[in-house]
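When we follow the working numbering, the leftmost residue of the sequence shown carries the number 47, and every step to the right adds one.
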Amino acid sequence: MKKHMAVIVGASHAAAQLSTSLRQEGWGGDIMMIGDESYLPYHRPPLSKTFLSGDKSVDELLIRPAAFYAKNDIQFRQGCVTAIDRKRQTLLLSDGDELSYDKLALCLGARVRKISIPGHELSGVHYLRDMADAEGIKNQVGKAKHAVIIGGGYIGLETAAALRRQGIAVVVLEMAERILQRVTAPELSEFYTRIHAEEGVTIHTGVSIKAIEGSTHVERVSCANGLIFKADLVIVGVGVIPNVELADAAGIVVDNGIVVDFYCRTNDTNIVAAGDCTNHLNIHYNRRIRLESVANASEQAKVAAASLCGLSKKYETLPWFWSDQYDLKLQIAGLSHGYNQVIIRGNIHTGRSFAAFYFHNGQLIAADCVNRPQEFMLSKKIIAEKIAVNPTELADESIPVKEFL
Ligand SMILES: Cc1cc2nc3c(=O)[nH]c(=O)nc-3n(C[C@H](O)[C@H](O)[C@H](O)COP(=O)(O)OP(=O)(O)OC[C@H]3O[C@@H](n4cnc5c(N)ncnc54)[C@H](O)[C@@H]3O)c2cc1C
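Spelled out as structure tokens, the structure:
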């Protein structure tokens, strides 16, 4: 009897977990992951952290070794899926091949947002999303003396820290009035501005870039306010765009991501989606969101795999993230959007360890914890279970974290 075929398009964090979870949930048919990069799924977060400043090989970044997929009878095919025919349940690949599926998982992720300012095509101008991008930057790191980072979000700041560690002079240019404006309170922006200054990174905010200049290789970056920065390496980190076109063209509902329900199902009963490419109704915040995090990709993948196996596991994970810069491990619990009070526990002004708690009408909705793993764990619990806490007590360091539980 012919075995059923589950195809996973995309081969990264969501796909690695989805393929594994399919086996764990009892999928007895074939499993094929199709990815357009030339590697098995690898950890993406180190690309802006340890990978740039270290000597790790791709093999050391693999989420699971090749032997794991072989043992679990999970096939990997390098290729790009260009069309889905939902009626015939087939996929078209860019090399002309056609492949049938019984169940399909879309783990298409996101791609970098590109800039079109003059000089953007010069050599020495990089983006950072995948291994090829990171290798390109790494090849230049030994030679570069002056780096300009365009974008003061997490990727830009992590990259700034990694390059600084290599002794490169680094300038960060941010268009908004403060770094991390989209995701944190002003207190956090001030904190990271101070830390980067202490580490020797210069940050300019409210800056609009006029041109990237040079004859063939980048030599400088000029801004509308007249400032000019010397640069032999430019890294652009101005956000990502979800890869939804494949789904959209096939008539799968898309709205800032592939629209999925609590079970990661799309509007086609045979098709699920997981990870950065999805948009879901979040049970904790009661609004539709698209998350860009490993935790979301992995947890949605577990849920999606269960759905493909005919089980119903609801997606209920509280959003959480992390960011590593220098000796600082930031762990973020929840989403701060809509907060109307921020409480700080610890010394944010001169120290390197504190927690910022975000409240909405007296209820904790998010926390940014810098070198504070206990506060992070506590926050996850309080937010997920909607436990009532007194903000003043939470700020009081004389009350041990354990007491809030
Ligand atoms: C430099 C960097 C640092 C990060 N740091 C952190 C961090 O510290 N913490 C955190 O939580 N998150 C971090 N992230 C985000 C995290 O990596 C993403 O949330 C995660 O990779 C999402 O996984 P995914 O599987 O949904 O999608 P992706 O990782 O984007 O993978 C999707 C894959 O599908 C492929 N693909 C797309 N379309 C097709 C097609 N038609 N055919 C075949 N293949 C296709 C893509 O090429 C890609 O390989 C970081 C991301 C980057 C780039």
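We put the beta carbon where it would ideally sit given N, CA and C, even for glycine.
For Arg391, the enclosing beta strand (DSSP E) begins and ends at 387 to 392. Relative to the non-hydrogen atoms of ligand 1, the Cβ of Leu292 comes within a distance shorter than 7 Å of at least one. For Phe422, the CB stays at least 7 Å from every heavy atom of ligand 1. Ala190 carries a coil assignment under DSSP once its states are collapsed to helix, strand and coil. If you look at Arg266, you'll find it in the beta strand (DSSP E) that goes 266 to 269. Contact annotation: Ser146 and Cys126 have beta-carbon atoms that are not nearer than 8 Å. Judged by the Cβ position, Ile109 fails to qualify as a neighbour of ligand 1 at the 7 Å threshold, every heavy atom of the ligand being at least this far.
Under DSSP, Tyr173 forms a beta bridge with Val282. Non-local C-beta neighbours of Arg132 in its own chain, meaning closer than 7 Å and more than five positions away in sequence, comprise Ala296, Gly297, Asp314, ordered along the chain.
A distance below 7 Å between beta-carbons, with the five flanking residues on each side excluded, links Ala180 to the following residues of its chain, in chain order: Leu93, Phe97, Leu98, Leu174. In this structure, ligand 1 has no non-hydrogen atom nearer than 7 Å to the beta-carbon of Ala350. Restricting attention to alpha helix (DSSP H) runs no shorter than 4 residues, the stretch 100 to 171 encloses them at 104 to 107, 112 to 117, ordered along the chain. Ile433 counts as exposed, since fewer than 16 other beta carbons sit within 10 angstroms of its beta carbon.
Leu68 is the residue among Ser58, Leu68, Thr239 whose C-alpha sits nearest the C-alpha of Lys359. Two segments are said to touch when three or more pairs of C-beta atoms, one from each, lie closer than 8 Å; by this definition the stretch 109 to 123 does not touch the stretch 278 to 286. The C-beta of Leu357 has fewer than 16 other C-beta atoms within 10 Å across all chains shown, which makes the residue exposed.
Ala319 is a Cβ neighbour of Ala151, given a cutoff of 8 Å.
When DSSP states are grouped into helix, strand and coil, Asn325 belongs to the strand group. Following the DSSP letters along the chain, one finds Ala430 inside the alpha helix (DSSP H) bounded by residues 419 to 430. Taking each of Ala401, Ala193, Ala347 in turn and checking the Cα distance to Ala61, the smallest one comes out for Ala347. Under DSSP, Leu410 takes part in a beta bridge, and its partners are Phe405. DSSP lists Gln377, Ala401 as the bridge partner or partners of Cys415. Scanning its chain for C-beta atoms nearer than 6 Å, with the 5 sequence neighbours on each side dropped, one finds around Ile161 the residues Val282, in chain order. Separation of Pro91 and Asn118 (C-alpha to C-alpha, rounded to the nearest whole angstrom) is 25 Å.
Using a C-beta cut-off of 8 Å, the stretch 410 to 424 makes contact with the stretch 385 to 398, since at least three inter-stretch Cβ pairs fall below that distance. Under the DSSP definition of a beta bridge, Lys276 partners with Arg266. Here the alpha carbon of Thr230 sits roughly 46 Å from the alpha carbon of Asp143. When secondary structure is reduced to three states using DSSP, Leu219 falls in the strand class. Note: Glu244 is not bridge-paired with any residue in the DSSP secondary-structure output. Counting every other CB atom within 10 Å of its CB across the protein chains shown gives Lys149 a total of 16 or more, marking it as buried. DSSP places Pro232 in the helix class (H, G or I) of the three-state scheme. Proximity to Thr324 across Ala206, Arg333, His330, Val300 peaks at Val300, based on C-alpha coordinates. Nearest C-alpha to Met78 among His89, Leu64, Phe450: Leu64.
Our two residues, Asn316 and Gly303, have alpha carbons roughly 18 Å apart in a direct line. In the structure shown, the three-state DSSP call for Tyr88 is strand.
The Cβ-Cβ distance between Val218 and Leu203 falls below 8 Å.
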